[in-house]
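Colleague: The structure that follows is given in the form of structure tokens.
Number of protein chains: 2
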Amino acid sequence: MAKEVTNREDNYSQWYNNLVVKADLAEQSAVRGCMVIKPYGYAIWEKMHEQLDKMFKETGHVNAYFPLFIPKSFLSKEAEHVEGFAKECAVVTHHRLKVNPEGNGVIVDPDAKLEEELIVRPTSETIIWNTYKNWIKSWRDLPILCNQWANVVRWEMRTRLFLRTAEFLWQEGHTAHATKEEAIAEAEKMVEVYAKFAREYMAMPVVVGHKSAAERFAGALDTYCIEAMMQDGKALQAGTSHFLGQNFAKAFEVQFANKEGKLEYVWATSWGVSTRLMGALIMSHSDNNGLVLPPKLAPIQVVMVPIFKTEEEHNAILDRFDTIKKELESKGISVKVDDRDNLRPGFKFAEWELKGVPVRLAMGGRDLENGTIELARRDTMTKDNLPQEGVAQKIVALMDEIQDNIYKKAVDFRSAMTYKVDTWEEFKQKIEEGGFLLCHWDGTTETEEKIKEETKATIRCIPIDSFVCEEEGKCIYSGKPSHRRVIFARAY
Amino acid sequence: MAKEVTNREDNYSQWYNNLVVKADLAEQSAVRGCMVIKPYGYAIWEKMHEQLDKMFKETGHVNAYFPLFIPKSFLSKEAEHVEGFAKECAVVTHHRLKVNPEGNGVIVDPDAKLEEELIVRPTSETIIWNTYKNWIKSWRDLPILCNQWANVVRWEMRTRLFLRTAEFLWQEGHTAHATKEEAIAEAEKMVEVYAKFAREYMAMPVVVGHKSAAERFAGALDTYCIEAMMQDGKALQAGTSHFLGQNFAKAFEVQFANKEGKLEYVWATSWGVSTRLMGALIMSHSDNNGLVLPPKLAPIQVVMVPIFKTEEEHNAILDRFDTIKKELESKGISVKVDDRDNLRPGFKFAEWELKGVPVRLAMGGRDLENGTIELARRDTMTKDNLPQEGVAQKIVALMDEIQDNIYKKAVDFRSAMTYKVDTWEEFKQKIEEGGFLLCHWDGTTETEEKIKEETKATIRCIPIDSFVCEEEGKCIYSGKPSHRRVIFARAY
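Dropping the structure here:
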């Protein structure tokens, strides 16, 4: 099975596509650019969803649901916003089909044209701020801390499973505040929630930073992001949190009476992560044998495979498995016994490696006699023969060890692929090899665009809290003075 | 607050609309027929979602996600299906907007017309069976037991919050089986899951039955349903489970090799419940003071209101509340202390009654001295003065008592409003008063349609397992022989 996956070194992009399909995570659908998220892939997304939702609620947020459709006129109300989304959106123009009078099938009924076209939401700022208008009268109504789990559509021309699809699943938080300071603090808090989730659950190191003006969300005054490095050295933006200022409040006339009774415009944030995180997860840890899942997000944490010659042996092994399984489950570990009768153990091993299950247990006739069991780790691909006695307890500890090891490996990789670069010649050479280039930049969009044109590299972020970057220097491109380094990379 | 809700007796429909809005459950959006589900309403839906999802997983199902869009041609592949959904669907025809060259705002870009129009899914049988085609080769690939949580759109002309909206949230299970018997067993199993959920969690009695041919899902051979009675005597279909035969397998050419290696068409079911359940919940239990929520679905199960004259009293009460709150939370009960400083206790009482919180605790100066606390039940609107000591333990038991009492009340109401009716004269009179009419019917669609024309009553279901209905008789309308009674009612 794993043999069907292209080698990572030969063609990274094909390796990724292969893996997504072969590991049963997702596939292309009959609708251009839209994917089917298969049960195994969806189970990982459910774990992400569950943990993120918990973290949002712990930080005081509640969920709500807003309409899928946005009236066309709403999009136009915030100038930069419409500029950012109008070119790639699905437009609903009619509300009925009818039987084709001239043949087979159905056609759009021309009598059912909508008065105003509806846009399938690419993001929900406009419909939500139009709603908040009615929810907010006084400072007592603030803050509003809402999140929604939803599907959104952006008509991307080049799509890739999870990384860039026409429809994707995400969560979008939309908050309303009485002061600028509170809104900025919220945007910062949420990017930190994302960073914590990425590091502790996805085992994926990320840099927290600001986007440059050119890379900001359409309609934001400031965009915070988490940036991760994939195994090919390319950057992937894994989550963003926007300080929207009063832009949407002004576009939708949302004012509140402050404690002195004076009307003020409301301050806003929005923040989101999407099924793109699935792509980030895959490309952070996986190898030529398939997925490598961090235990905290693995739908199956331990798989057990019996190896037997006789029915008697088979039954005896299943009995032992059952005991260990119950003990593991009582400790909160998810276990699958793979007792399929038409496949050989070796095939099963390869399949569960492909699917990234962190720990595999196998038991054969000799193990039965000796009271032992074979334990294989997916992250290191190492095997160990252990006493059955106490193996469940060992596995509990091993889950943390694997989680930490996967994270450490990713951190080490990123460190090895992060360079301080101080000359334009070196920049042009290094960028071909991939990685994060820490460089001085003069702060102008003009320079940023020229660098992008010449090298396809973009400013991934202006890191926050990184002492490495805080120093005086000269712009790598223009030679003008700079007070800090920023991260350049090619990106997904 | 509660005063603003219309009396149920004066105008049931307006009472319902008032309640949904005043209790902060949902509101109309700027998009025709689409609602905003507000945080309090969404919190109830989340509890429904969580419990149903648990029950689906316990019965062997997994979640997946399929595209929002369905190619127009897919809908036409199953003849009855397209007939059922073509007249009310949102059609995407373009994928881009552009700046209006003749004025403000944006217009649909005529150059971005789709080759084939896409329908926003009204239900997903077609896109899913087109996908299953690639998943199913042999009997070993069966059964497939998938569910998806999603939004769907049906362009209804007359909409009502939760009951009938253009967009709604739901889950749709889609299963594939090797045999007819297995598919029928699945459809039956899932309607029983729905019935159990309605009874045990929503505290809502339901009748399980078959739909008549005329009321079946478009494309099904048999539709099972749960039917509930609202407080105005009208019926509400709360969930359906369909045996689809081989219709979709044939439409999308989905065959499997059986154990003998012969190709057979796959058997299908689909089943769903939606945010309509929110409407059913509201109309099953609520009263003129507002919502009445069964404890198992209440986002807040206990609310605590301090009543004080001095800051010292205030602090002492909050201290006691904190102790009780911690004890309740340790027992899995959700608690809110309402310490808002700008509202009087009486106002708070009315607000939490409106929001249907099952138990309210209040404490004043005298309670502090006496070591007592006031406990008010939302379902009975009774109050009791209790010792603070042991009150948490009492509340745990009370949660079950309230859950049972709400259910019993609804069962009693339904019993009182269910009649065996044997003459057409009585039928016409009784149907005006509301309720379930148990009548003989000759089994023809013709009779069913005439009864509907004359009285607006429909066959809600042909009950399963009801000994009351199993008897010989004559059709209420045609006088022809009948072997069992069915349920007639006017319905939402």
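First to last, the sequence lines map onto chains A and B. Following the numbering used here, the numbering of the first sequence begins with 7 at its first residue and continues without gaps. Following the numbering used here, the numbering of the second sequence begins with 7 at its first residue and continues without gaps. Backbone N, C-alpha and C define an ideal beta-carbon position, used for all residues, glycine too.
Please list the partners that B:L58 has in chain A, where partner means a Cβ-to-Cβ separation under 8 angstroms.
Modeller: What B:L58 touches in chain A: nothing, since even the nearest Cβ is about 14 angstroms away.
Colleague: For A:K480 and A:E121, what's the separation of their Cα atoms in angstroms?
Modeller: Taking C-alpha positions only, A:K480 is separated from A:E121 by approximately 56 angstroms.
Colleague: Which residue wins for smallest C-alpha separation from B:E259, given the options B:K104, B:F80 and B:G440?
Modeller: B:F80
Colleague: Within the 8 angstroms Cβ cut-off, does A:N157 reach chain B?
Modeller: At least one CB of chain B lies nearer than 8 angstroms to the CB of A:N157.
Colleague: Let me know the secondary structure DSSP gives A:A8 once reduced to three states.
Modeller: Caution applies to A:A8, whose pLDDT of 48 falls short of 50 and renders its modelled position unreliable; the value that the coordinates give is listed next. Here DSSP, grouped into helix, strand and coil, assigns A:A8 to helix.
Colleague: Excluding five sequence neighbours on each side, which residues of the same chain lie with their C-beta closer than 7 angstroms to the C-beta of A:A8?
Modeller: Because the pLDDT at A:A8 is just 48, under 50, the model does not fix this residue reliably, and the value given afterwards should be weighed accordingly. Same-chain partners within the cutoff: N295, G296, A356, E359 and L360.
Colleague: Taking buried to mean at least 16 other C-beta atoms within 10 Å of its own C-beta, is A:A85 buried or exposed?
Modeller: exposed
Colleague: Taking all protein chains shown into account, decide if A:H180 is buried (16 or more other Cβ within 10 angstroms of its Cβ) or exposed.
Modeller: buried
Colleague: Considering only the alpha carbon of each residue, which of B:L404, B:R127 and B:L374 lies closest to B:T388?
Modeller: B:L404
Colleague: With the cut-off set at 8 angstroms, would you say B:V97 and A:L124 are in Cβ contact?
Modeller: no
Colleague: Given a cut-off of 8 angstroms on the beta-carbon distance, is the pair A:F419 and A:Q237 in contact?
Modeller: Yes, Cβ-Cβ distance for A:F419 and A:Q237 is below 8 angstroms.
Colleague: Write down the C-beta distance between A:V341 and A:K331 rounded to the nearest angstrom, noting that I regard them as a contact closer than 8 angstroms.
Modeller: 5 angstroms
Colleague: Tell me whether the region 100-117 of chain B and the region 220-240 of chain B touch, counting them as touching only if at least three CB pairs, one residue from each stretch, are closer than 8 angstroms.
Modeller: no
Colleague: Taking A:M210 and A:L287 to be in contact with their CB atoms under 8 angstroms, please state how far apart those CB atoms are, rounded to whole angstroms.
Modeller: That pair is a contact at about 7 angstroms.
Colleague: Are the region 249-265 of chain A and the region 214-226 of chain A in contact at 8 angstroms, needing three or more beta carbon pairs?
Modeller: yes
Colleague: Can you tell me whether B:M289 is buried or exposed? The criterion is at least 16 other CB atoms within 10 Å of its CB, across all chains shown.
Modeller: buried
Colleague: Which bits of chain B does A:S82 rub up against, with CB to CB less than 8 angstroms?
Modeller: By Cβ distance, chain B contributes N110, G111 and V112.
Colleague: Would A:A182 and B:K44 qualify as a contact pair, given that the criterion is a beta-carbon distance under 8 angstroms?
Modeller: no
Colleague: Establish whether the CB of B:A304 and some CB of chain A are separated by less than 8 angstroms.
Modeller: Not one beta carbon of chain A lies nearer than 8 angstroms to the beta carbon of B:A304.
Colleague: Does B:A8 get closer than 8 angstroms to chain A when you measure Cβ to Cβ?
Modeller: Here B:A8 scores only 48 on pLDDT, less than 50, and its place in the model should not be relied on; the value that follows carries that caveat. Taking Cβ atoms only, chain A never reaches closer than 8 angstroms to B:A8, which makes this a no.
Colleague: Would you list the one or two residues that DSSP bridges to A:I113?
Modeller: A:K104
Colleague: If you draw a straight line from the C-alpha of A:F203 to the C-alpha of A:N13, how long is it?
Modeller: When the Cα atoms are used, A:F203 and A:N13 turn out to be separated by approximately 29 angstroms.
Colleague: So, is the C-beta of A:I408 closer than 8 angstroms to a C-beta in chain B?
Modeller: Under the Cβ criterion of 8 angstroms, A:I408 is not counted among the residues facing chain B.
Colleague: Taking 8 angstroms as the threshold (C-beta atoms), are B:P305 and B:Y207 in contact?
Modeller: No, the Cβ-Cβ distance between B:Y207 and B:P305 is not below 8 angstroms.
Colleague: For B:N23, decide whether its Cβ has a neighbour in chain A, counting only Cβ atoms nearer than 8 angstroms.
Modeller: No - not a single Cβ of chain A is within 8 angstroms of the one on B:N23.
Colleague: Within the continuous alpha helix (DSSP H) that includes A:K500, where are the two ends?
Modeller: Outside the displayed range of chain A (7 to 498) lies residue 500 of chain A, so it cannot be described from this structure.
Colleague: When you compare the region 468-476 of chain A with the region 488-495 of chain A, are there three or more beta-carbon pairs, one atom per stretch, that lie closer than 8 angstroms?
Modeller: Touching, yes, given that three or more Cβ pairs across the two stretches are closer than 8 angstroms.
Colleague: Quick test of your reading: A:T165 and A:I76, contact by CB under 8 angstroms. State the CB separation rounded to the nearest angstrom.
Modeller: Going by Cβ atoms, the distance from A:T165 to A:I76 rounds to 22 angstroms, so no, they are not a contact pair.
Colleague: Helix or strand or just coil, what does DSSP make of B:A36?
Modeller: coil
Colleague: List the residues of chain B whose Cβ lies closer than 7 angstroms to the Cβ of A:L374, in chain order.
Modeller: By Cβ distance, chain B contributes nothing, its closest Cβ being about 28 angstroms from A:L374, past 7 angstroms.
Colleague: Can you give the Cα-Cα distance for A:E266 and A:A189, rounded to whole angstroms?
Modeller: Cα to Cα, A:E266 sits roughly 20 angstroms from A:A189.
Colleague: So, are the CB atoms of A:C40 and A:E173 less than 8 angstroms apart?
Modeller: yes
Colleague: Answer yes or no: does any C-beta atom of chain B fall closer than 8 angstroms to that of A:P107?
Modeller: no
Colleague: Only counting runs of 4 or more residues, tell me where the alpha helix (DSSP H) segments fall wholly within the region 180-235 of chain A, in order along the chain.
Modeller: Fully enclosed alpha helix (DSSP H) runs of 4 or longer: 186-206.
Colleague: For A:G285, does the count of other Cβ atoms within 10 angstroms reach 16, so buried, or fall short, so exposed?
Modeller: So A:G285 counts as buried.
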